[in-house]
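Going left to right, the sequence shown walks through residues 442 to 514 as the working numbering numbers them.
Here a beta-carbon is modelled for each residue, glycine too, at the ideal position from N, C-alpha and C.
Step one of this worksheet: look at the structure below.
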Amino acid sequence: MSTEKLVSTETPNLAHPSLATPKETGKNFPGRVDINDLLARVREEKKKENKVNLVFFSLFASLIFVVGLILSF
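As structure tokens, then:
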């Protein structure tokens, strides 16, 4: 029995391009991560989520108000 590993050097032909392995973009990331940058990013995402939730809530409330107004007449 052989213990050598067989490695395929061919690239697979994938039907969908998103299934292919990503190529490096050449960006060099620093060795350290600043926790303040991460926290700021999370806060920005939360603000965006809160705005979206507020918009949906106001649309729902206005829909309920309009339906109630129509049914009252």
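Point to revise | Reduced DSSP secondary structure (H/G/I, E/B, other) of residue 484 | key: helix
**Study point:** Alpha-carbon to alpha-carbon, residue 479 and residue 500
**Key:** 32 Å
Point to revise | Alpha-carbon spacing of residue 550 relative to residue 496, whole angstroms | key: Since the first residue of the chain shown is 442 and the last is 514, residue 550 is not available in this structure.
**Study point:** DSSP-derived helix/strand/coil call for residue 472
**Key:** coil
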